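Written below as structure tokens is the structure these notes are about.
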Amino acid sequence: MAEPVAVDRVWFFDRPNSLDQIPKGLLIFSDGTTIETPELLDNARQGGEIVFPPGEAKWLAFFVTATKPGTQNVGLAELAVFSFEKKPP
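Written out as structure tokens, the structure reads:
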């Protein structure tokens, strides 16, 4: 079984073409927490970052909730999840 990891931000990178885009999505964490994404960039070179209050998760899922009109190949080029450092008391 996976151990929980402390996370506080996610980066999203669009596909490197002008035809396909995911402007909106939903992050779902293993504890049931959900976060709606703000408008995601239509630019594979510049990722979008979502920062949220630190929490622990064993896994997360990304669900696409909207696509650019005409999108045929739904997906991201990259999704990166970052952990934060816990400071000793």
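For the sequence shown, the numbering used here gives the first residue as 7, with consecutive numbering after it. Positions of the beta carbon are idealized from the N, C-alpha and C atoms, including for glycine. The structure displayed is predicted, hence computed values, not measured ones.
Practice task
Would you tell me roughly how many angstroms separate the C-alpha atoms of residue 14 and residue 45, rounded to the nearest one?
Solution key: Position 8 of the sequence shown, counted from the start, is the residue given in the question as residue 14. Position 39 of the sequence shown, counted from the start, is the residue given in the question as residue 45. Looking at the two C-alpha atoms, the distance is approximately 19 Å.
Handout entry: Check whether residue 11 and residue 89 have beta carbons under 9 Å apart
Key = Reading the sequence shown from its first residue, position 5 is the one you call residue 11. Reading the sequence shown from its first residue, position 83 is the one you call residue 89. Going by C-beta atoms, residue 11 is nearer than 9 Å to residue 89.
Problem - Status (buried if at least 16 other CB within 10 Å, exposed otherwise) for residue 37 - result: Stepping through the sequence shown from its first residue, residue 37 is reached at position 31. Exposed, since its Cβ has fewer than 16 Cβ neighbours within 10 Å.
Problem - Neighbourhood of residue 54 by C-beta distance below 6 Å, restricted to the same chain and skipping five residues each side - result: Within the sequence shown, the letter at position 48 stands for residue 54. Residues of the same chain with a CB within less than 6 Å of the CB of residue 54, apart from the 5 flanking positions on each side, are 18, 46 and 47 in chain order.
Exercise for the section: Report all residues from its chain with a CB closer than 6 Å to the CB of residue 79; omit the five preceding and five following residues, and keep chain order. Expected result: Taking the first residue of the sequence shown as position 1, residue 79 is located at position 73. Within the same chain, residue 79 has close Cβ partners 26.
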